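In my numbering, the protein residues as written are 42 to 128.
Notes follow once the structure below has been shown.
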């Protein structure tokens with residue numbers, strides 16, 4: 042249990058930030074899911090457009106601190122590689 046005023050305040054601010062970060066991560070996952078669904082359907086054009094929409098959202102997650110830079114780069118790279126592999 043927190044004793045000092047600052048530690049109590051830190052708990053409150055962490056809870057507020059956790060809600061915001063959870064929504065950011067959820068938004069990123071939604072964009073990635075749309076890309077993966079287009080890949081599964083085999084629609085290269087739709088998958089490319091979905092990736093174009095997802096890429097800035099993923100990188101925004103990096104700047105906001107909800108995702109590591111290399112994780113985001115790896116995710117974008119693998120998605121684009123999969124899209125390029127579609128016939």
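Built from N, CA and C at the ideal position, the CB exists for glycine as well.
These numbers were taken from a predicted model, which means no experiment stands behind them.
Rounded C-alpha distance that separates residue 88 from residue 100:
So the two alpha carbons sit approximately 18 Å from each other.
Would you kindly work out how many angstroms separate the C-alpha atoms of residue 113 and residue 78, rounded to a whole number?
Going by C-alpha positions, residue 113 is about 19 Å away from residue 78.
Between which two residues does the alpha helix (DSSP H) containing residue 112 stretch?
From DSSP, the alpha helix (DSSP H) with residue 112 extends over 110-126.
Taking DSSP as the reference, what is the three-state secondary structure of residue 83?
Under the three-state reduction of DSSP output, residue 83 falls in the coil class, being neither helix nor strand.
Reduced DSSP category for residue 91 - H, G, I as helix; E, B as strand; rest coil:
Helix at residue 91.
For residue 94, collect the residues of the same chain with a Cβ closer than 8 Å to its Cβ; drop the 5 residues on either side in sequence, then sort them by chain order.
Only 72, 75 meet the Cβ criterion.
According to DSSP, simplified to helix, strand and coil, what is residue 27?
With the chain running from 42 to 128 in the structure shown, residue 27 is simply not present.
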